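Numbered per the working numbering, the sequence shown spans residues 708 to 1007. A quick write-up on the structure given underneath.
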Amino acid sequence: MATEGDRENETAAMVSRATKDVEASTGNSTKEESELLPAEMTETVGGERRNERTMLHENYTHDEDCEIIAAEEDDSSSSQTGWMFFAMCMLQMLTNFDSGILPATLRQVQASFDPPITDLHAGFLGSLVYIGLMFSCPLSGYLLTAYKSQRSIICGAILLNAISVLAMALSPSVAYLNASRFLIGFLQAPIFIYGPVWVDEFAPPESMTLWVSLLQVNVAVGIMLGYLFGGLAVHHFGRDAWRTVLIIQFVLLCPFVFVFMCVKRKYFNVRCRVPVRRFSLRTSLHGMTRAVSLPSFSGN
């Protein structure tokens, strides 16, 4: 029979073996976890790096696409601005066409009416354009500043100016001739004012002076061509040929209305940088009076 001491020894041996088994199993699981953990961390870090490389590549590709699109938009904008400048130059030239026709054909214009226009009246007739400009310039400057769509104002001025030129060509009497001549000058003001303003807004900084110069050159070219074609017309086709030349000017001016209406607003309208006060005749006249008043000097 086994004694009590033998039983205690067997129990202690069993406890010892159980403890060793537990420690062995714990050690194996820890080793496996320690082996798996770096692998999982490696996969995680590798995935994050791959994601970062993918995002960088996508951002770089997106930046390249944006640069290409911006370059294409700049080229398109430059092309549109160039065509608009060419149209502005042609408009300045044709608007001044009648300023050369009338002086070149003045004798024929005088003889076209019964009774003939006197030299005094002929001088007054030549000044009516500038009288119309004098009255129209302050109003045109206000309208072009107060309204966001300068395109509508310019197109309206071109159309009405062309109609006034046609009315001058078809004038049955001296009174109609005087009225049409005044309206031509009155309706030229928005066109003359807006041309330099548009160039100041849209011209490339390195070419702004050149563009302004070319715009002003076309004023002189228009007057010169008016002299040339007016003289040639009355010389080859008779006394009333001045009317025909004015009708040609009317026909050439009308397409500009359709051209400018088809242009996008961003290539035509100028951004207003100054807040506009409410217009009133009293404040306008008061401002003009102050502008022309002489400074007063008081003695000591």
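All residues carry an ideal CB built from backbone N, CA and C; glycine is no exception. All values derive from a computational prediction rather than experimental measurement.
Length of the line joining the Cα atoms of residue i and residue j
i    : j    : result
F936 : N976 : 34 Å
I860 : S785 : 24 Å
L827 : I870 : 27 Å
L932 : W949 : 13 Å
T825 : F909 : 47 Å
F792 : P822 : 45 Å
I838 : A886 : 12 Å
H942 : N925 : 25 Å
Span of the alpha helix (DSSP H), counted from its first residue to its last, around residue i
i    : result
T852 : 826-853
L917 : 915-944
V906 : 881-909
V964 : 948-969
P810 : 804-811
DSSP-derived helix/strand/coil call for residue i
i    : result
D821 : coil
N868 : helix
S878 : coil
V977 : coil
S786 : helix
S859 : helix
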